[in-house]
Amino acid sequence: MKLSYSSASPYVRKAFACAIARGIDGQVEKWDIKTTDASLALSNPLSKIPTLITDEGQTLFDSPVICEYLDSIGSAAPLFPAAGPARWAALRLQALGDGIMDASQPRRREIALPQDQGRIDYIELQKGKVSRSLDLLEKEIASLGQLKTIGDITVACALGYLDFRFANEPWRPGHPKLAAWYDEVVKLAPMAKTMPAG
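Numbering (full-length UniProt numbering), first residue to last: 1 to 198.
Structure (structure tokens):
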């Protein structure tokens with residue numbers, strides 16, 4: 001199978017981190033392609049990354065779908081728990097981590113544009129989403145584990161993206177428990193082998 005690749009994308013990092021956690025990263029070919037490439041649009045009408053093409057030729061897109069597919073391969077313990085409270089907890093954390101990334105990526109683009117009041121308000125709205133999410137994670141630190149669920153992995157990727165793109169806005173002050181958790185899990189293979197660049 002092949003997975004569209006960008007060393008700067010936190011969503012791509014999330015998918016590769018899942019493959020590593022599952023022990024199947026050797027089966028995943030990196031497909032280096034830009035979102036503006038016409039051949040990506042032929043595979044994914046949204047022309048977004050990550051996009052996964054399975055060995056059977058099926059195309060999957062959006063990181064939650066790709067990660068759940070990767071979780072169906074191999075014999076490692078599942079990242080997506082079976083139905084019940086543990087599954088909802090993992091999916092909730094995944095949504096929170098994805099939400100941090102969803103609020104951060106467009107804000108980065110908006111900061112680079114000429115500023116008017118509408119853009120300033122939009123940037124502040126997105127910053128607020130991230131800030132409230134970090135506060136919740138600090139409060140609920142006991143819900144985070146050692147990259148054993150999709151929730152753990154997604155939150156770690158989101159925090160890594162904040163370090164990567166918003167180093168001038170450090171998130172650690174005010175979140176000591178979350179910072180200590182991240183400093184431990186970033187050393188584990190799924191994070192250590194997927195550090196962003198670019």
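Every residue, glycine too, gets a C-beta built ideally from N, C-alpha and C.
Nothing here was measured: the structure is a model prediction, and the numbers come from that model.
Residues in its own chain within less than 8 Å of residue 166 by CB, not counting five upstream and five downstream?
Contacts found: 104 and 108.
Can you give the Cα-Cα distance for residue 26 and residue 186, rounded to whole angstroms?
If you take the alpha carbons of residue 26 and residue 186, they lie about 21 Å apart.
Could you check which residue in 136, 17, 5 and 100 has the C-alpha nearest to that of residue 149?
Selected option, being the one with the closest Cα: 17.
Compare the C-alpha of residue 155 against each of 110, 64, 78 and 46 and name the closest.
Here the closest residue by C-alpha is 64.
With distance defined between alpha-carbon atoms, name the residue in 7, 35 and 161 nearest to residue 182.
For residue 182, the nearest C-alpha among the options comes from 161.
Under 8 Å, do residue 201 and residue 22 count as touching if we go by C-beta distance?
The question about residue 201 has no answer here: the residues shown for the chain are numbered 1 through 198.
Candidates 147, 114 and 100: which alpha carbon is nearest residue 125's?
Checking every option, the nearest Cα to that of residue 125 belongs to 100.
Our contact map puts residue 14 next to residue 157 with C-beta atoms below 8 Å; I'd like the distance itself, whole angstroms only.
About 5 Å separates the two Cβ atoms, so the contact holds.
Report buried or exposed for residue 144, applying the criterion of at least 16 other Cβ atoms within 10 angstroms of its Cβ.
Residue 144 is buried by the Cβ-count criterion.
Would you decide whether residue 46 is buried or exposed? Buried here means 16 or more other CB atoms lie within 10 Å of its CB.
Classification for residue 46: exposed.
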